[in-house]
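Per this note's numbering, the sequence shown starts with residue -17, numbered consecutively.
Here is the structure we will look at, set down as structure tokens.
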Amino acid sequence: MEINPKVLVSDADKARISLRFLKDWGLSSADMNKIIHRDLRILSLSGDTSIQPALTFLESIGTSRDKIVELMILCPRIFHRGIGDRLIQKYDICQKLGINFHSAMRYIMLHRTERVFSQVEFFREQGFSDEDIVNLFEKEPRILAKSKGDLKVKLQFFTQIHNRSIAEIIKFPACLCYSFKNRILPRLTILKERGFPDKMNLFYILAVTDSAFRNICQTSDRISPH
């Protein structure tokens, strides 16, 4: 395999054992380099006592090989001693909330348990039911990474200024992930100034490219309020 320079500053014997374990499990050289680049400490871990237990758990809940590799690259610290328990904890949280762990794991693993529950409480305070919140996280796990301040500004803008319903937001939760300053505010402001329908589909407004949005603004009969 191509040698990542970080390997050269690691304990040679431990690094060799870890690399062999990862290779035998099925990781490509490219995947191993990505993992090492993100977390050099993976080279000091024991395959049998640190890495294997997490792999075994992920496989036991039906996680595909591709999903496991994706998680290893994104969050290699789950294999550190003691962190594996957090993996199980995050899975239990998803089960409790009714969220598909495999859909949300690449996002939920990046956040502390306290943050996940804090986000849940935030949406409850904004008037979302527990079922609504599950739907939000299920459809758009990136919401977990958004600050409460950012989310509150967007929610108030949609619901109080533009009279959008919670149901609309749940239908297209990605609307909470776009930049408020660069996309949400200018697009809805332009449409309002030009007299377009207030109830235009949020997906139709926000998801299209800049060029497509310009075309929408130029031709009113292309607009669908549904």
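Cβ atoms here follow ideal geometry from the backbone N, Cα and C, with glycine treated the same way.
Just the Cα atoms here: how many angstroms apart are residue i and residue j?
i: L137; j: G131; result: 10 angstroms
i: A156; j: S147; result: 15 angstroms
i: S206; j: S26; result: Bear in mind that a pLDDT of 41 at S206, under 50, signals an unreliable position, so the model cannot answer this.
i: F178; j: I152; result: 23 angstroms
i: D203; j: H144; result: A caution first: D203 carries a pLDDT of 42, below 50, which makes its placement in the model too unreliable to give a value.
i: L188; j: H93; result: 27 angstroms
i: P35; j: I60; result: 10 angstroms
i: D30; j: K134; result: 45 angstroms
i: I33; j: L126; result: 26 angstroms
i: T45; j: S129; result: 29 angstroms
i: H84; j: V102; result: 19 angstroms
i: V51; j: F3; result: 14 angstroms
i: I198; j: L118; result: 28 angstroms
i: V190; j: V116; result: 26 angstroms
i: A194; j: E175; result: 18 angstroms
i: H208; j: F154; result: Its pLDDT being 34, under 50, H208 is placed unreliably in this model, and the value from its coordinates should be taken loosely. Between H208 and F154, the C-alpha separation is close to 13 angstroms.
i: F99; j: E107; result: 12 angstroms
i: R196; j: P168; result: 12 angstroms
i: E(-16); j: K16; result: Per-residue confidence for E(-16) stands at a pLDDT of 49, beneath the threshold of 50, marking its modelled position as unreliable; the derived number appears in the next sentence. When rounded, the distance between both Cα atoms is 12 angstroms.
i: Y160; j: E122; result: 12 angstroms
i: F105; j: Q77; result: 19 angstroms
i: D6; j: L69; result: 23 angstroms
i: A86; j: D67; result: 18 angstroms
i: R97; j: A12; result: 32 angstroms
I believe residue i touches residue j by the beta-carbon criterion, under 8 angstroms. Please report the beta-carbon distance rounded to the nearest angstrom.
i: I75; j: E120; result: Actually they do not touch by this definition, with Cβ atoms about 13 angstroms apart.
Do residue i and residue j have their C-beta atoms closer together than 9 angstroms?
i: L184; j: F140; result: yes
i: R20; j: P58; result: yes
i: T95; j: Q71; result: yes
i: R88; j: L56; result: yes
i: L1; j: M14; result: yes
i: I24; j: Y73; result: no
So the candidates are the options; which of them puts its Cα closest to the Cα of residue i?
i: K181; options: D(-5), L170, K49; result: L170
i: D192; options: I43, V102, R165; result: R165
i: E150; options: F162, D114, K72; result: D114
i: L158; options: K78, L56, R124, Q142; result: R124
i: L53; options: F110, V190, A(-6), L9; result: L9
i: D(-5); options: A12, S28, F105, S111; result: S28
i: L79; options: Y160, S111, D48, Q142; result: S111
i: K49; options: Y186, K163, M91; result: M91
i: G109; options: A86, Q142, I18, Q77; result: Q142
Provide the residue span of the alpha helix (DSSP H) that contains residue i, from first to last.
i: M54; result: 47 to 56
i: D(-5); result: -6 to 7
i: I115; result: 112 to 121
i: T31; result: That residue, T31, is in no alpha helix (DSSP H); it is neither H nor E in DSSP.
i: C199; result: 192 to 200
i: Y89; result: 83 to 90
i: D132; result: 130 to 138
i: F154; result: Where F154 is concerned, there is no enclosing alpha helix (DSSP H), given that its DSSP letter is neither H nor E.
Would residue i pass as an interface residue toward chain D - the criterion being a Cβ-Cβ separation below 9 angstroms?
i: Y160; result: Absent from the structure is chain D; it holds one protein chain and no more.
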